[in-house]
Amino acid sequence: MELLGKTNIDFIGKRNISFVVSSIIAMLGIVGIIQISRGAANMGIDFSGGTSMQLKFAKPIALADARTALHKHGIARVDLQEIKDGNKLLVKIDRKAGATVGKSADAVKASFTSEFADNPFVVEGTTEIGPSIGDKLRKDTLVAVVISLLGIILYIAWRFDFKFGIGAIVATIHDCLAMFAVFYLFNKEVNLLFITAVLTIAGYSLTDTVVVFDRIRENLHKNLKGSMQNIFNNSINEVLSRTIVTSLTVFLAAASLFLFGGEVIHDFSFALLIGVLVGTYSSVFVASPIVVLLENRALAKHGEKA
11 MELLGKTNID FIGKRNISFV VSSIIAMLGI VGIIQISRGA ANMGIDFSGG TSMQLKFAKP
71 IALADARTAL HKHGIARVDL QEIKDGNKLL VKIDRKAGAT VGKSADAVKA SFTSEFADNP
131 FVVEGTTEIG PSIGDKLRKD TLVAVVISLL GIILYIAWRF DFKFGIGAIV ATIHDCLAMF
191 AVFYLFNKEV NLLFITAVLT IAGYSLTDTV VVFDRIRENL HKNLKGSMQN IFNNSINEVL
251 SRTIVTSLTV FLAAASLFLF GGEVIHDFSF ALLIGVLVGT YSSVFVASPI VVLLENRALA
311 KHGEKA
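In this text, residue positions in the sequence shown follow the numbering used here: the first is 11, and each later residue adds one.
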């Protein structure tokens, strides 16, 4: 299936423009990560600390109704998770929403008692997520992202070439930084779902980049004396339709989650939408041009030695 016919776009020739745009995105992403590591961004309950309560209701309760009831009684920053077994509900309240565990728990019980008088419940447990736990989880999460990116560069370097590995890791880091930048600029909540989205997009972007790199490697073997810029441009144009179809399919799936998935996964699906767009862009305008620069530099050094 092809949405486009044969194209002849000079992607590599536009690398100076793409490098400027990507540099701006990367700098904003670095600012976002610094703020997140300091806890100065809009941190979720898992990272900032708060109160966690597990409730058991007599009858099933919809998450949307529970969230509306809590918002109605002034509890805005709340994370709800439905536990199917036994009509249970896990409620996490941000530390900033309540001064103490007792006050937060009492506010939740009062809200549900008032709004769901016909659905009695019992509190099975109340715990506090302390700031120290949130700090450790935040740092461990950033370390997990870094380790994942290191694994990517080792895989690409082994499968292709070290120069391709550098291009892939720069593109993947670029995608992750773009997502951090967007969430920080839009003051979106940074939680474990967002980190999941970042790692998901890192894998998606890598897959898309590998497809482009496969065609480039194939054409490099066929045309040993051609210019690097022409070989890379031709390779990207050859897989462009495939890239667009794949990205469009994933984008539509993420858009469906964003529009109809509900509030719980709204930010998660928003992160996926941003990631798919940026990942497609980076495979073409970041990864490949970087490899071209490295290849040309290697050829120049080889020519000087000869």
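By construction, the Cβ of each residue, glycine as well, lies at the ideal position given by its N, Cα and C atoms.
Rounding to the nearest angstrom, what Cα-Cα distance links residue i and residue j in this structure?
i           : j           : result
residue 303 : residue 257 : 26 Å
residue 84  : residue 117 : 9 Å
residue 173 : residue 299 : 11 Å
residue 99  : residue 90  : 7 Å
residue 149 : residue 161 : 19 Å
residue 104 : residue 32  : 34 Å
residue 71  : residue 127 : 12 Å
residue 168 : residue 221 : 16 Å
residue 285 : residue 271 : 18 Å
residue 122 : residue 73  : 12 Å
residue 307 : residue 61  : 56 Å
residue 235 : residue 25  : 22 Å
residue 268 : residue 215 : 20 Å
residue 17  : residue 251 : 9 Å
residue 183 : residue 230 : 26 Å
residue 38  : residue 266 : 28 Å
residue 53  : residue 29  : 30 Å
residue 260 : residue 153 : 27 Å
residue 262 : residue 87  : 29 Å
residue 113 : residue 59  : 15 Å
residue 310 : residue 233 : 18 Å
residue 240 : residue 157 : 35 Å
residue 102 : residue 205 : 18 Å
residue 238 : residue 278 : 39 Å
residue 119 : residue 166 : 53 Å
residue 228 : residue 92  : 50 Å
residue 276 : residue 175 : 33 Å
residue 109 : residue 146 : Confidence is the limiting factor: at residue 109 the pLDDT is only 44, short of 50, which leaves the residue's position unreliable, though a coordinate-based value still follows. Each residue's alpha carbon lies about 21 Å from the other.
residue 212 : residue 124 : 45 Å
residue 75  : residue 63  : 17 Å
residue 280 : residue 164 : 30 Å
residue 79  : residue 198 : 22 Å
residue 151 : residue 46  : 11 Å
residue 1   : residue 287 : Within the shown structure, residues of the chain are numbered from 11 to 316, placing residue 1 beyond reach of any answer.
residue 27  : residue 301 : 16 Å
residue 97  : residue 249 : 50 Å
residue 210 : residue 305 : 29 Å
residue 264 : residue 159 : 23 Å
Beta-carbon separation of residue i and residue j under 7 Å?
i           : j           : result
residue 56  : residue 202 : yes
residue 133 : residue 65  : yes
residue 320 : residue 69  : Here the chain has residues from 11 to 316 only, and residue 320 is not among them.
residue 242 : residue 226 : yes
residue 297 : residue 191 : no
residue 115 : residue 136 : yes
residue 292 : residue 185 : yes
residue 283 : residue 207 : no
residue 131 : residue 196 : no
By the three-class DSSP mapping on this structure, what secondary structure does residue i have?
i           : result
residue 232 : helix
residue 272 : coil
residue 131 : strand
residue 19  : coil
residue 198 : coil
residue 173 : helix
residue 116 : helix
residue 318 : Because the chain is modelled from 11 through 316, residue 318 falls outside the range shown and cannot be assessed.
residue 93  : strand
residue 60  : strand
residue 1   : Here the chain covers residues 11 to 316 and nothing more, so residue 1 does not appear.
So residue i packs on residue j, CB below 8 Å; how close in whole Å?
i           : j           : result
residue 218 : residue 289 : 6 Å
residue 188 : residue 43  : Actually they are not in contact, since the Cβ atoms of residue 188 and residue 43 sit about 12 Å apart, beyond 8 Å.
residue 22  : residue 247 : Not really, about 11 Å apart at Cβ, beyond 8 Å.
residue 200 : residue 51  : 6 Å
residue 273 : residue 48  : Contact doesn't hold; Cβ gap of about 27 Å is too wide.
residue 194 : residue 41  : 7 Å
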